[in-house]
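For reference, the structure discussed in these notes is given below.
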Amino acid sequence: MIKLIVLDLDRTLLRDDNSISQYTLDILRKCKQNNLQIAFATARSMLLTAKVVPEEFSDGYWVCSNGAEIYKDKKLISSNLISEAPLKQIIDYFQNSYPSMPLVLVVRNNMYANCDLTPILSSGTFGSHVQYETVDFSQLQLEPCEKLMFLLGKADKVHTYKEGLPSDCIITPALGVLGEITHKNASKIKGLQFVLNDMGLSFENVAAFGDDMSDIEMIRESKIGVAMGNAIKEVKENANYVTLSNNEDGVADFLKSHLLIDCA
Numbered sequence: 000m001i002k003l004i005v006l007d008l009d010r011t012l013l014r015d016d017n018s019i020s021q022y023t024l025d026i027l028r029k030c031k032q033n034n035l036q037i038a039f040a041t042a043r044s045m046l047l048t049a050k051v052v053p054e055e056f057s058d059g060y061w062v063c064s065n066g067a068e069i070y071k072d073k074k075l076i077s078s079n080l081i082s083e084a085p086l087k088q089i090i091d092y093f094q095n096s097y098p099s100m101p102l103v104l105v106v107r108n109n110m111y112a113n114c115d116l117t118p119i120l121s122s123g124t125f126g127s128h129v130q131y132e133t134v135d136f137s138q139l140q141l142e143p144c145e146k147l148m149f150l151l152g153k154a155d156k157v158h159t160y161k162e163g164l165p166s167d168c169i170i171t172p173a174l175g176v177l178g179e180i181t182h183k184n185a186s187k188i189k190g191l192q193f194v195l196n197d198m199g200l201s202f203e204n205v206a207a208f209g210d211d212m213s214d215i216e217m218i219r220e221s222k223i224g225v226a227m228g229n230a231i232k233e234v235k236e237n238a239n240y241v242t243l244s245n246n247e248d249g250v251a252d253f254l255k256s257h258l259l260i261d262c263a
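First residue of the sequence shown? That's 0 in numbering that gives the first Met the number 0, and the numbers climb one at a time after it.
Structure, rendered in structure tokens:
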């Protein structure tokens, strides 16, 4: 029996303008009324998640920064961060091997970039919601971070950068143009497993929705895995269903058609 709905945010629940339609909000409310709990699994930090998730849906679990931090009722309950030593190794690697590479560091819900990201932001690469401070990474006082992002180019080039990673870190491609470096224990699937353990549930109780590489494992493992109509090919291949796109209320359409009763 499905008891938990897990939603990615960008390009899944959110429309391209970062909004949630009134229709989708109404369907999510109906889910809660039918005792279906709602969790979010996102690449966003907690603060960026809070900017788009309505307060009425903040009373559950948030798997943030691709699993680097997990919140319940907006309180941190688990974290898997990159510590200072491996973070310095990663930054040194990029500065020595790819000195012109744009880097974005997420630390305690703050974002730091090593260059002006205006040209990149105008292309929509990092998303219009990004707010950051430009700093010299060599002068930045390092502390455990949630993730480090860089311009990947193409998803099939991930292996090019693995040689510069500490053994306890991984790279996840996103949007086909970004690389997101996190602790090896930080992923949506591991974050969701933590949530399920905390709730006393299993993947047999989950319906998961997503669109990109970081969503594949949770979509594949869940009882019901749903790819958005705008999802990349690999996500659709691992899903049980493909719904409408994020701009067509694909999440709400599937929930109404498959999980809700008398939702008129």
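Where is the CB? At the ideal position from N, CA and C, for every residue including glycine.
Asked, Found
"Start-to-end residues for the beta strand (DSSP E) that takes in His182", "177-182"
"Helix, strand or coil at Phe149 according to DSSP, with G and I counted as helix", "strand"
"For Leu228, the three-state DSSP class (helix, strand or coil)", "With the sequence shown as reference, residue 228 is identified as Gly, and Leu is not the correct amino acid for it. Coil, per DSSP."
"Pair within 9 Å by beta-carbon distance, Lys156 and Val62", "no"
"Contact check, Ala206 vs His257, beta carbons under 9 Å", "yes"
"CB-CB length for Pro101 against Phe149, believed under 8 Å", "7 Å"
"Whole-angstrom distance between Ile218 and Gly224, CA atom to CA atom", "4 Å"
"Closest residue to Gly163 among Ala230, Tyr92, Ala185, Lys73 (Cα-Cα distance)", "Tyr92"
"Beta carbon of Thr11 nearer than 9 Å to that of Gly209", "yes"
"Nearest-angstrom Cα separation, counted from Asn184 out to Thr48", "21 Å"
"Local Cβ density within 10 Å of Ser64, reported as buried at 16 or more and exposed below that", "buried"
"Spatial distance of Ser72 from Gly199 (CA atoms)", "Residue identity differs from the one stated: residue 72 is Asp in this sequence, not Ser. So the two alpha carbons sit approximately 17 Å from each other."
"Neighbour-count burial assignment, Lys146, 16 or more Cβ in a 10 Å radius", "buried"
"C-alpha gap between Cys30 and Gln88, whole angstroms", "45 Å"
"Range covered by the alpha helix (DSSP H) that runs through Ala42", "Here Ala42 belongs to no alpha helix (DSSP H), and DSSP marks it neither H nor E."
"9 Å Cβ cutoff, Phe93 in contact with chain C", "In summary, chain C is missing from the structure at hand, where a single protein chain is found."
"Residues sharing a beta bridge with Thr133, DSSP", "Ala112"
"Those residues which DSSP pairs with Phe208 across a bridge", "Leu6, Val225"
"Tyr22: first and last residue of the uninterrupted alpha helix (DSSP H) it sits in", "21-32"
"Pairwise C-alpha distance: Gly59 and Asp197", "12 Å"
"Segments of 3+ residues assigned as beta strand (DSSP E) that fall wholly inside the region 54-86", "60-63, 68-71, 74-78"
"Coarse secondary structure for Val106, derived from DSSP in three states", "strand"
"Nearest to Thr181 (by Cα), restricted to the options Leu174, Asp167, Phe193, Val194", "Asp167"
"DSSP state of Ala238 mapped onto helix, strand, coil", "coil"
"Integer Cβ distance of Tyr268 from Val103, believed to fall under 8 Å", "Given that the chain is displayed from residue 0 to residue 263, the structure contains no residue 268 and the question cannot be resolved."
"Residue environment, Ala263, which counts as buried when at least 16 other CB atoms sit within 10 Å", "At Ala263 the pLDDT is 43, less than 50, meaning the model places this residue with poor confidence; the figure from the coordinates comes in the next sentence. Flag for Ala263 reads exposed."
"Buried or exposed by the 16-neighbour rule on C-beta atoms within 10 Å, applied to Leu98", "Note on identity: in this sequence residue 98 is Pro, with Leu being the wrong assignment. It is exposed - the Cβ of Pro98 has fewer than 16 other Cβ atoms within 10 Å."
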